[in-house]
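Data first, discussion second: the structure below is written as structure tokens.
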Amino acid sequence: MKVVLPVAVASIVLSLTACRSSEIHLYDAEGYGPNTAEISIKDHAGMVYWRWGTQTFAMKVTLIKDDLVHATIPGGTLELKMADGTRLSFEGTQGRLVCVGCGQLRLPRNWLAKGSD
Numbered sequence: 029m030k031v032v033l034p035v036a037v038a039s040i041v042l043s044l045t046a047c048r049s050s051e052i053h054l055y056d057a058e059g060y061g062p063n064t065a066e067i068s069i070k071d072h073a074g075m076v077y078w079r080w081g082t083q084t085f086a087m088k089v090t091l092i093k094d095d096l097v098h099a100t101i102p103g104g105t106l107e108l109k110m111a112d113g114t115r116l117s118f119e120g121t122q123g124r125l126v127c128v129g130c131g132q133l134r135l136p137r138n139w140l141a142k143g144s145d
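So for the sequence shown, our numbering puts the first residue at 29; every next one is plus one.
Below, the structure is given as structure tokens:
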């Protein structure tokens, strides 16, 4: 019994770790149009791309916290830090996330999430 419990706990931890996604993709929920955006992260770092009117922007982003459930339909919370220091916080369910902090950079408030291994 003393050996079985640590082995069982280790198995659970390994299986949960294996289910974590190393890639996160967020897309503007409004789809493609004059003002669109995309966030792509792999292993804690990535890029944000967005258009606002005639201007196009790109900025590096760092993953601060990833509590998304990476399943067929992701949900949970996600925190990012932009290269300029701006923090973005995402929360939601059913693959739809709402962003706090996006407005000051003219990024969309509503996003679609997609995680993959």
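Think of the CB as a built atom: it goes at the ideal place given N, C-alpha and C, for glycine as much as any other residue.
- As the crow flies, the alpha-carbon of I67 is around 12 Å from that of L106.
- Spatial neighbours of V126 in its own chain (CB-CB distance under 8 Å, excluding positions within 5 residues in sequence) are listed in chain order as F118, E119, G120, R137, N138, W139.
- Inter-residue distance for S50 and T114 is about 23 Å (C-alpha atoms, whole angstroms).
- In the DSSP assignment, E66 falls within the beta strand (DSSP E) that extends over 65 to 70.
- Comparing alpha carbon positions, the residue from M75, V128, G61 closest to H53 is M75.
- Taking 8 Å as the upper bound for CB-CB distance, G103 and Q122 are in contact here, some 6 Å apart.
- Distances from the CA of W80 to each of R134, K142, A141 were compared; the closest alpha carbon is that of R134.
- Between M87 and the set A141, A111, G59, the nearest pair of CA atoms involves A111.
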